[in-house]
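One structure is given below, encoded as structure tokens.
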Amino acid sequence: MEIRDVTFQRSALKAKDRPKEHLPHLAVAGRSNVGKSSLLNWLTRRQIARVAKAPGKTRMLNFFLVNGSFYLVDLPGYGYAKVRKDLQRQWGEELARYLLTDERIAGVIALIDIRHGPTRLDLEFQQFLLDAGRERLVVLTKADKVNRSKRKSMQREVQFQLGLPRPPVITSVEAGEGRRELLERMNELLDLWKTAHRGE
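The opening residue of the sequence shown carries number 8 in the working numbering; numbering runs sequentially from there.
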């Protein structure tokens with residue numbers, strides 16, 4: 008798959024405000040400061056996500072229509088302590104509802120910082136996705152910050168720890184590594200969704 012066209016459609020939280028088309032969604036999630044905005048810009052080769060100085064800036068679900076055929080959905084980063092607890096709770100409820108009930112979700116791209124491995128919040132989120140029956144595509148970010156042996160050992164460790172059928176994708180925005188593999192794995196998720204929803 009190659010990304011030819013990306014259009015920002017809207018920011019929304021509640022179901023009534025989200026796009027209505029029956030197109031597959033690939034949701035992108037991760038802890039605040041995992042490098043999600045940078046990865047989205049690098050993946051699409053466009054400045055689609057604001058690379059904010061302070062984490063937690065993305066407080067809505069941001070919907071980007073890609074190639075006119077699927078949505079990349081930028082989810083709010085989780086785990087940022089400075090955000091008011093009542094707002095965290097509201098986002099959590101709406102996010103959970105989206106991830107549990109929206110049949111258009113073809114998979115969730117979950118970002119994990121390769122330097123630290125899965126945190127408690129990452130593990131809780133992965134368990135949530137498993138319980139929800141969602142396809143998971145785990146991506147290890149910031150690979151340029153560690154040496155080659157650390158990359159491979161962390162890749163094996165995360166695959167085992169999260170019970171993944173395939174190794175997570177190793178990426179580095181700075182070094183330009185992993186983009187092709189990530190796009191291929193995304194395309195596989197979209198193909199699975201299209202097969203399951205053929206004729207709808």
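Beta carbons: idealized from backbone N, C-alpha and C, even for Gly.
| Cβ neighbour criterion (16 or more within 10 Å) applied to R187 | Note on R187: under 16 other CB atoms within 10 angstroms of its CB, so exposed under the neighbour-count rule.
| Supposed contact pair V146 and A117 - C-beta distance, whole angstroms, cut 8 Å | Yes, A117 and V146 are in contact; Cβ-Cβ is about 7 Å, under 8 Å.
| task | Would you give the residue range spanned by the alpha helix (DSSP H) that V165 belongs to? | result | Bounds of the alpha helix (DSSP H) holding V165 are 155-169.
| request: In the DSSP assignment, find the unbroken alpha helix (DSSP H) run with A203 in it and report its ends. | output: DSSP places A203 in the uninterrupted alpha helix (DSSP H) bounded by 186-203.
| task | Would you kindly check if the distance between the Cβ of L102 and the Cβ of P83 is under 8 Å? | result | Contact flag set, yes.
| task | Starting from D138, trace the alpha helix (DSSP H) both ways and give me its first and last residue. | result | That run of the alpha helix (DSSP H) goes 127-139.
| query | Got a sec, what are the start and stop residues for the alpha helix (DSSP H) L68 sits in? | reply | For L68, no alpha helix (DSSP H) encloses it; the enclosing beta strand (DSSP E) starts and ends at 68-73.
| Three-state class that DSSP yields for D151 in the structure shown | Looking at D151 - three-state DSSP - the assignment turns out to be helix.
| query | Which of the three DSSP states, helix, strand or coil, is assigned to K89? | reply | Caution applies to K89, whose pLDDT of 49 falls short of 50 and renders its modelled position unreliable; the value that the coordinates give is listed next. Three-state DSSP puts K89 in coil, outside helix and strand.
| said: With H, G and I counted as helix, E and B as strand and the rest as coil, what does DSSP make of L118? | reply: DSSP places L118 within a strand segment (E or B) once states are collapsed to three.
| task | Below 8 Å on the Cβ atoms is my guess for L41 versus D120; work out the distance and round it to an integer in Å. | result | The question names Leu, yet the displayed sequence has Val at residue 41. Between D120 and V41 the Cβ distance is about 5 Å, and since that is below 8 Å, they are a contact.
| query | Between the Cα of A150 and the Cα atoms of L46, L20, P172, L199, which residue gives the shortest distance? | reply | Residue L46 holds the alpha-carbon nearest to the alpha-carbon of A150 among L46, L20, P172, L199.
| query | How would you call L128, buried or exposed, if buried means at least 16 neighbouring beta carbons within 10 angstroms? | reply | Around the beta-carbon of L128, fewer than 16 other beta-carbon atoms lie within 10 Å, marking it exposed.
| Out of curiosity, what's the CA-to-CA distance linking I177 and E164? | Cα to Cα, the separation comes out at about 13 Å.
| Straight-line CA distance for A203 to R141? | In a straight line, the C-alpha of A203 is about 13 Å away from that of R141.
| message | Considering Cα atoms alone, identify which of T148, I55, S18, T108 is closest to R66. | response | For R66, the nearest C-alpha among the options comes from S18.
| query | Do you know whose CA, among M8, L20, A34, F77, lies nearest T14's CA? | reply | That would be F77, whose Cα lies nearest to the Cα of T14.
| request: Would you please verify whether the beta carbon of G140 is less than 8 Å from any beta carbon of chain D? | output: Among the chains of the structure shown, chain D does not appear; only one protein chain is present.
| Identity of the residue in L72, K152, R192 nearest R173 by Cα | Among L72, K152, R192, the Cα nearest to that of R173 belongs to R192.
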